[in-house]
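For reference, the structure is listed below as structure tokens.
Numbering (this note's numbering), first residue to last: 79 to 483.
And the structure:
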């Protein structure tokens, strides 16, 4: 038994706080729920927050797929009754060299020194983020670590599925653009110069469109090193920029504002946010901490800032649905279901249903977007090649008119 401090909101919307003696954090959340109170924050009495140690800009991060497999195997070993230290040893020995292997070894070493699993994982933030650590802490306190790990694995599988759907939808358009670029480049470099020799022998000035295409061809052939250098430097500079906070913010705002792609980005961010909130609340994490973690892991800066504003309103004592209704990127259906969940004390269930709905919506939106992008790209490719062919044959048509006269 231990003492836990809590902040909660009653049915009237007022914020209350106090201290409860209970076995685990989950027991506290259950007792508050039985008293018609919505838990906002639950921490062990006297607990101090540890600061997450940052890492360098170029620090290597663990792949989400590897962490997902690690979590699933960890859950299986714990469920089989193998102690945490032995489980981590077995897992780390079977991993490839990298951040996950070294992180698991570090956590095992800290546990052997007397630290808890969650505390040890908090010391490796590039491998185990705040969501992971908070879930593990809730599982340790409730004595259901295997169940929490299983839930984490399912959460990561669903998140990975959404990412895979979006990435898969982008493969075909990218291939079309690359093929179009190579074809157009080949025509400009290898075919246009041969036609130019024919034009120069005709003794007649070519049309404006032909002159423009010939000038581009000359530039590509004569100053190829400039274009090659720009083709290498520009993508590198863009990648470095979008990895900065300002660049990430600019990219997220741009993506969510694009007519077709923006809908997919918005729905995938909402699906991820609601899935995270549902998983955390169901595990006994307080609402304020859950909102903060969901904001950081939403995947889009616009959604993150909206949730941070909502968190500030919840801290001030307002229901979660009230400030959420003022955010334009959250549909009315989401706000209404969260409001019903708050009133009925089953917000984790409602958030899970919202996540299920939007995950299906993302899949449908990805398919719809692909069906719109594919014909547009084909039209672009056809029009580009048609312009080049027209530029090559316009002088020949002109010569035919002269011969006919």
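For each residue, glycine too, the CB sits at the ideal point set by N, CA and C.
*If you count every other CB in all the chains shown that lies within 10 Å of the CB of residue 303, and 16 or more means buried, which is it?*
exposed
On the three-state DSSP scale, how would you describe residue 96?
strand
(message) Looking at the secondary structure, which residues open and close the alpha helix (DSSP H) in which residue 258 lies?
(response) 223-264
Could you tell me if residue 345 is buried or exposed, where buried requires 16 or more neighbouring beta carbons within 10 angstroms of its beta carbon? buried
query: What does residue 120 pair with, by DSSP beta-bridge criteria?
result: 84
Classify residue 331 as helix, strand or coil using the three-state DSSP reduction. helix
- Can you tell me which of the three DSSP states residue 296 falls into? helix
- Item | Whole-angstrom distance between residue 314 and residue 320, CA atom to CA atom | 10 angstroms
Say whether the region 402-409 touches the region 148-159, bearing in mind that this needs 3 or more beta-carbon pairs closer than 8 angstroms, one atom from each stretch.
no
Near residue 349, which residues of its chain fall below 7 angstroms by C-beta distance, leaving aside the five closest residues on each side in sequence?
240, 433, 436, 437, 440
Could you give the C-beta distance for residue 118 and residue 366, rounded to a whole number, given that I count them as a contact under 8 angstroms?
5 angstroms
- Which ranges would you report for the beta strand (DSSP E) in the region 319-363 if only whole runs of at least 3 residues count? none
Query - the region 178-190 touching the region 162-170, judged by at least three CB pairs closer than 8 angstroms - result: yes
Q. Nearest to residue 298 by alpha carbon, out of 317, 271, 285, 287?
A. 271
Q) Roughly how many whole angstroms lie between the Cα atoms of residue 96 and residue 90? A) 17 angstroms
ask   = Going by beta carbon distance, what residues of the same chain come within less than 7 angstroms of residue 196, once the five residues before and after it are set aside?
value = 211, 214, 215, 218
With DSSP run on the structure shown, which of helix, strand or coil describes residue 473?
helix
Can you tell me whether residue 466 is helix, strand or coil according to DSSP?
helix
Item to complete: Would you check if the region 287-294 and the region 458-473 touch, i.e. whether three or more CB-CB distances between them fall below 8 angstroms?
Response: yes
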